[in-house]
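Working notes for the structure below.
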Amino acid sequence: MLEKHSKASGVGLERLCAQDWIQSSEAEYGVEFFEAWFQGKAYQKHRHDTYAICLTTTGVLAFDYRGTSEISLPGQVVVLHPDEVHDGYAGTEAGFGYRQLYVEPALIFEAIQTMCPHACSLPFVRTPVALNRTLSAAIISAFQGTREPLAIDSLIVQVAEGLLEADPSCKQVPFPRHLDVPALKRARQYLDAQKTRVVHSSELEAVTGLSRYELARQFRAMCGTSPYRYLLMRRLDFARQQLAQSRSLVEVALEAGFADQAHFSRMFKATFGITPTRYRALREPERS
4 MLEKHSKASG VGLERLCAQD WIQSSEAEYG VEFFEAWFQG KAYQKHRHDT
54 YAICLTTTGV LAFDYRGTSE ISLPGQVVVL HPDEVHDGYA GTEAGFGYRQ
104 LYVEPALIFE AIQTMCPHAC SLPFVRTPVA LNRTLSAAII SAFQGTREPL
154 AIDSLIVQVA EGLLEADPSC KQVPFPRHLD VPALKRARQY LDAQKTRVVH
204 SSELEAVTGL SRYELARQFR AMCGTSPYRY LLMRRLDFAR QQLAQSRSLV
254 EVALEAGFAD QAHFSRMFKA TFGITPTRYR ALREPERS
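Residue numbering for the sequence shown follows the numbering used here, starting at 4 and increasing by one per position.
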């Protein structure tokens with residue numbers, strides 16, 4: 004988002020104050036590092052196109068997910084699957100702090116293929132809050148270590164191992180669908196490069212050689228979301244980078260390929276659970 008090497012890795016959540024704040028890094032090699040502290044309501048209902056793996060560090064983190072209300076205490080790990088709607092709020096008046104990794108599902112998919120005796124699907128963690136020592140250790144070491152490529156590779160393996168522990172069915176049930184992985188990688192690379200405009204189905208058909216419907220089915224199997232949602236998130240990630248530099252909402256909306264500021268604001272809030280204006284305000288302490 005703001006810079007390749009965020010201050011997030013070196014700032015402890017023990018510096019609690021009355022003002023809500025967030026800090027994050029731009030996604031590096033498929034992983035975004037994020038930490039925050041909130042009192043009261045943090046996020047309205049939204050969803051990500053990545054795995055969101057969170058370690059609660061202080062207070063009580065509460066959220067609604069898959070029809071139930073959940074809480075996470077310090078030391079517990081929250082795992083949210085891609086494209087699952089959720090919110091976030093403080094479970095007590097004292098507020099809560101957390102550190103979180105957003106990990107591209109395609110990286111997890113590639114890693115678990117090397118760990119399972121047969122091809123298997125993306126892990127789905129049915130118990131979203133748990134004491135998962137593998138995942139908590141991965142988050143702690145990630146924020147204490149470097150963001151170099153080999154370090155990220157090791158982190159992905161550790162996260163994949165933790166997710167497999169939380170969903171052992173992946174190792175037992177083979178994945179029946181054929182996936183054209185090279186074509187899906189070409190689709191991802193193309194969408195990554197088109198983060199300031201709308202992409203049409205015919206473009207992806209030309210890039211991949213797959214029909215739009217077969218592409219949509221296979222893309223979700225490997226990436227955990229649809230090509231549309233994946234591209235929307237790339238456009239909104241681009242917009243977050245621009246907002247962190249205090250650019251106007253109108254300029255950011257147009258540069259990210261939205262029709263107008265109102266459309267951009269609606270999509271941003273639906274995706275991240277906060278408005279663009281509030282997001283920019285939450286980033287102010289990091290810039291100062």
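Each residue gets a CB set at the ideal place from its N, CA and C atoms; glycine is no exception.
Buried or exposed by the 16-neighbour rule on C-beta atoms within 10 Å, applied to residue i
i    : result
A163 : buried
M118 : exposed
T95  : exposed
G78  : exposed
M249 : Looking at the sequence shown, residue 249 is not Met but Ser. S249 comes out exposed.
Y216 : exposed
E38  : buried
T280 : exposed
H203 : exposed
E254 : exposed
G70  : exposed
E132 : Sequence check: residue 132 is Val here, not Glu. The residue is buried, with at least 16 neighbouring Cβ atoms inside 10 Å.
T130 : exposed
I115 : buried
L153 : exposed
V80  : buried
Cα-Cα separation between residue i and residue j, rounded to whole angstroms
i    : j    : result
G148 : Q26  : 17 Å
K188 : G100 : 35 Å
Y68  : L257 : 33 Å
L134 : C57  : 11 Å
E87  : A224 : 15 Å
D156 : Q42  : 34 Å
V82  : L76  : 14 Å
V128 : P85  : 11 Å
R232 : G276 : 16 Å
A262 : I143 : 41 Å
A45  : A140 : 25 Å
A145 : G165 : 14 Å
A273 : Y282 : 13 Å
F271 : F36  : 19 Å
L22  : G62  : It should be noted that the sequence gives Gln, not Leu, for residue 22. Straight-line Cα distance between these residues: approximately 15 Å.
Q192 : W40  : 34 Å
A259 : E151 : 28 Å
Delimiting residues of the alpha helix (DSSP H) encompassing residue i
i    : result
I143 : R136 to Q147
D240 : P230 to L246
I56  : No alpha helix (DSSP H) contains I56, which is instead part of the beta strand (DSSP E) from Y54 to G62.
A273 : Q264 to F275
A256 : L252 to E258
Beta-carbon spacing of residue i, residue j below 9 Å
i    : j    : result
C226 : E107 : yes
Y105 : H51  : yes
L252 : Q244 : no
A242 : F267 : yes
L246 : W24  : no
V34  : L158 : yes
Y54  : I111 : yes
P126 : D170 : yes
R136 : Q197 : no
Bounding residues of the beta strand (DSSP E) (the contiguous stretch that carries residue i)
i    : result
V34  : V34 to F41
R102 : F99 to V106
E73  : T71 to S75
L83  : V80 to L83
S27  : W24 to S27
G91  : H89 to A93
A45  : K44 to H49
*Fully enclosed by the stretch 155-220, which alpha helix (DSSP H) runs are 4 residues long or longer?*
With a minimum length of 4 residues, the continuous alpha helix (DSSP H) runs that stay inside the stretch 155-220 are 184-196 and 204-211.
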